[in-house]
Amino acid sequence: MKKNRQNPLRKRYLRELRGDFGKYLVIFILLVFTIGLISGFLVADGSMIIAYNESFEKYRIEDGNFQTDDEISRSNRRKIEKSGVILYDNFYIEKKLKDGNTLRIFKNREEINLLCLMEGRFPEKRGDLVIDRMYADNNGIHVGDELQFGKSIFVVTGLVAFPDYSALFQNNSDAMFDAVKFGIGAVGREDFDSFASDELTWCYSWKYADSPGSKEEEKKVADRLMEDVADIIYLEDFIPRYMNQAIQFTGEDMGGDRAMMLMLLYIIIVIVAFVFMITVRDTIAREASVIGTLRASGFTKGELVRHYMTLPVLVTLAAAIVGNVLGYTALKEVCAGLYYASYSLPTYVTVWNGEAFVLTTVVPVLIMLAVTFLTLQRRLRLSPLQFLRKELSRRSRDRALFLPSRLPFLLRFRLRIFFQNMGNYAVLLIGILFANLLLLFGLALPAVLDRYQESMKDNMLCDYQYYLKIPAYRMDRDYEFDKILSFSFLRTATMTSNKDAEPFASYTLRIPEGEALRVEDINVYGIKKNSRYIHIPIRRGEIWVSSAYADKCRISEGDTIRLREPYEDRTYEFHVDGIYDYMGGLCMFMRMEDLCERFGLFEDYRSGYFSDSRITDVSRDLIASVIDYDALIKISRQLDVSMGGMMVVVDGFSVVLFMILIYLLSRIVIEKNAHAISMTKILGYTDGEIAGLYIWTTSVVTVLLLLVTIPAVNAIMELIFRNYLAARMTGWITYDIPRSVFYKMFLIGAVTYAAVAAFEIRKIRAIPMTDALKDVM
């Protein structure tokens with residue numbers, strides 16, 4: 160070809176685009192939606208991670224906090240600060256609202272854990288109150304509303320983010336934060352000083368004078384500080400920043416979401432690459448005579464490769480541009496909204512994410528270029544004569560698959576359609592598998608959470624589980640005079656006359672690093688012989704574990720498990736003698752006498768009471784917490800609130816993906832057989848009868864693939880659920896999906912396919928009978 164000769168192939172671009180407009184349109188939509196969603200997510204995620212990381216310095220987030228049973232004296236404060244820290248008062252009071260929710264109220268911060276104002280203004284006079292923005296959203300509270308607790312009425316003047324409560328954990332040991340029933344607020348100095356001192360929780364935050372250089376060093380420094388503080392004052396709680404779930408959980412979760420979304424992106428890109436490959440092969444098959452004529456006329460293979468690459472590449476580039484525009488605008492806001500629905504994050508500024516551009520735009524375009532180029536190179540190796548004869552397969556044309564003549568004609572016809580399109584159906588299998596996986600992910604989580612809440616009603620240890628303010632580490636048998644007096648006083652003060660009450664002892668141990676996917680606390684219960692509430696035939700020396708603990712950590716009867724002290728270098732080994740059916744927490748059970756002996760506690764030590772009725776004759780000041788049904792379902796309630804919006808997005812995306820794949824592949828099947836369909840029309844078959852041949856085959860394959868992939872995606876989802884959630888969440892929710900979810904999946908798939916099939920019937924009607932005559936040689 161001479162370079163100055165006008166290339167007639169350029170005139171074919173618009174014609175080819177019009178001819179395959181529907182096909183390119185759905186590919187364009189799929190790429191736009193995928194690139195836009197992932198790009199928006201990565202931009203929002205990256206921007207928020209930057210804002211989260213900067214908040215440590217910007218809002219002077221504490222290095223840790225501890226609680227005491229009383230205000231620290233000036234002399235003890237000076238002693239503690241000699242350990243290389245600066246202490247700050249961070250006292251708070253908890254109040255019950257009319258709806259039963261708990262609001263933790265601080266004094267407006269001025270030195271540490273500074274607040275980020277999201278809307279409104281800070282407290283300026285008495286009666287002003289700012290509250291956490293996410294708690295306000297979940298409870299329909301707005302600036303200007305009034306909140307009442309007790310006789311006090313406060314006006315909400317602002318919505319804020321507390322940097323030390325980016326995840327609203329009421330207690331650091333909670334399995335999940337709760338932004339529905341638990342909120343944070345702050346009032347002015349005068350209002351806070353008016354609260355009774357005996358209602359305050361004496362919490363102190365600290366900042367290191369010299370910040371540790373690494374996490375390992377931070378842990379060592381925190382351990383030494385805890386020992387120093389414990390020697391000076393009575394510690395009720397001690398939480399260094401690296402162990403504070405309210406601070407750390409958000410950052411860890413955002414980092415994990417990024418990996419999951421990138422995996423989603425590349426799975427979809429691989430599927431689309433397969434679709435492009437099949438589309439290119441179909442285009443070459445349809446245009447074989449044209450390609451043979453062009454090759455015979457002197458056009459080189461390189462020119463044809465460039466020509467047939469142009470439209471797929473332009474579609475991909477256009478989709479990448481539009482997807483990025485949407486990703487940085489509308490979809491970024493959607494993804495940011497999902498984070499704001501889960502976490503109490505400060506305001507963020509959108510930051511250009513070069514990595515997101517490469518991952519969502521450059522890499523997909525390169526993949527499409529490579530797939531399209533390699534497919535064209537391979538298919539265009541044939542000679543011009545082979546193209547003119549439409550001999551596009553290296554195998555001999557007379558080697559057709561033998562089908563018994565006993566089979567009915569229509570069945571043999573449909574089987575040949577199936578065998579001719581095995582490659583298309585293989586891609587359809589992958590697409591349906593992935594679409595169903597996404598659909599199950601969206602449908603399964605709400606169903607699992609609902610099933611968990613229902614099961615917890617019948618699986619509680621008791622209606623009310625009271626924990627007393629008697630920490631085990633203060634009740635060891637080193638018979639110091641102050642410990643004996645303290646224990647005797649507390650034992651007498653916490654006696655109850657409630658006939659339902661049954662005392663229990665408890666001790667907290669921790670799973671060592673490397674023993675499980677996540678390091679978390681295990682509650683060890685010491686129970687009475689023939690307990691009314693824990694129905695275990697447990698004997699002296701035996702250890703039973705809860706079914707939640709066994710299920711999460713894959714523990715069986717007869718196994719040996721290792722646990723350690725949370726704040727000491729001491730490890731214990733336990734032989735599992737049985738598994739108790741209890742899904743409410745990760746815990747162990749032993750006889751009360753064994754617990755006290757094993758951990759060196761007073762013989763009649765107790766931590767709390769099991770009871771089916773409220774205990775009213777023990778002072779609230781001596782009750783650390785009450786575990787009831789509402790507290791046990793906290794994890795499912797919060798997951799439902801946090802991920803409900805994401806599940807809708809995932810469900811919608813899976814349906815769109817399924818519909819696009821079915822449309823593309825069934826269209827390719829019809830176009831591949833356009834000549835045969837045209838010939839069939841000449842022979843007198845109606846459009847309905849022809850649809851019964853071609854649409855019926857794809858319909859049967861689709862239905863079978865739907866049925867086959869549902870058990871497969873259920874097994875995959877259970878594996879993901881077990882490994883992903885086990886590493887991310889404290890506590891455990893069993894993967895238990897009702898059958899109705901699978902029926903719903905099949906119904907959604909069938910209805911979606913029916914809608915696509917209606918379009919394909921129109922495509923069959925549009926094929927003219929003249930197509931069969933055009934190819935007569």
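In this text, residue positions in the sequence shown follow my numbering: the first is 160, and each later residue adds one. By construction, the Cβ of each residue, glycine as well, lies at the ideal position given by its N, Cα and C atoms.
Ranked by how close their Cα comes to the Cα of Tyr183, the residues Val429, Ile197, Tyr218, Thr438 have Thr438 in first place.
Here Ala447 is near Phe546, since their CB atoms are less than 7 angstroms apart. In this structure, Leu627 lies away from Thr667, with their beta-carbon atoms at least 7 angstroms apart.
According to DSSP, Glu305 shares a beta bridge with Val314. Segment contact: the region 192–206 against the region 452–467, fewer than three CB-CB distances shorter than 8 angstroms; contact not assigned. Taking the Cα of Ala925 as reference, the smallest distance to any Cα among Ala368, Ile849, Val860 is reached at Ile849.
Here Glu376 is exposed. Its C-beta has fewer than 16 other C-beta atoms within 10 Å. When DSSP reads this structure, Tyr625 sits in a beta bridge with Tyr768, Val785. For Met207, same chain residues with a beta-carbon under 8 angstroms away, outside a window of 5 residues either side, are Met413, Ala495, Tyr498, Leu504, Tyr507 in chain order. One thing to note: Leu384 has its Cβ no nearer than 7 angstroms to the Cβ of Ser234. The straight-line gap separating the alpha-carbon atoms of Leu781 and Asp357 is approximately 12 angstroms. Under a 10 Å Cβ-count criterion, Gln536 is classified as exposed, with fewer than 16 other Cβ atoms of the shown protein chains found around its own Cβ. Counting only residues of its own chain and dropping the five nearest sequence neighbours on each side, Lys374 has a CB closer than 8 angstroms to the CB of Tyr401. A straight-line Cα-Cα distance of about 29 angstroms links Val191 and Phe880.
If you draw a straight line from the Cα of Thr856 to the Cα of Ala833, it comes to about 15 angstroms. Beta-bridge partners of Met413 (DSSP): none assigned. Counting the other Cβ atoms within 10 Å of the Cβ of Lys266 gives 16 or more, which makes it buried.
Of all alpha-carbon atoms in Ile426, Leu865, Ile896, Ile827, the one lying nearest the alpha-carbon of Ala444 is that of Ile827. Look at Pro662 here: in three-state DSSP terms it is strand. Fewer than three pairs of CB atoms, one per stretch, sit closer than 8 angstroms, so the region 472–489 makes no contact with the region 317–334.
For Thr534, the enclosing alpha helix (DSSP H) stretches over residues 522–538. Straight-line measurement puts the Cα of Val860 at about 57 angstroms from the Cα of Arg691. Going by beta carbons, Asp222 and Tyr367 fall inside the 7 angstroms limit.
Rounded to the nearest angstrom, the Cβ distance from Ser772 to Asn882 is 41 angstroms, too far for a contact under 8 angstroms. When secondary structure is reduced to three states using DSSP, Leu485 falls in the helix class. Around the Cβ of Trp511, a 10 Å sphere holds fewer than 16 other Cβ atoms; the residue is exposed. Between the beta-carbon of Tyr741 and that of Ser706 there is about 6 angstroms, and that keeps the pair under the 8 angstroms contact cut.
When Ile526, Lys491, Asn272 are compared, the shortest CA-CA separation from Thr509 is found for Lys491. Counting only residues of its own chain and dropping the five nearest sequence neighbours on each side, Ser214 has a CB closer than 6 angstroms to the CB of Pro322, Pro505.
Counted as a single uninterrupted DSSP element, the beta strand (DSSP E) harbouring Thr227 occupies residues 223–227. Judged by DSSP secondary structure, His834 falls within the alpha helix (DSSP H) whose first and last residues are 833–841.
Between the alpha carbons of Glu253 and Thr261 lies a distance of about 7 angstroms.
Annotated three-state conformation of Asp333 is coil, per DSSP. The three-state reading of DSSP puts Glu848 in helix, counting H, G and I together. For the beta strand (DSSP E) assignment, the uninterrupted runs of no fewer than 3 residues enclosed by the region 676–723 are, from N- to C-terminal side, 680–686, 703–705, 719–723. Bounds of the alpha helix (DSSP H) holding Phe187 are 180–217.
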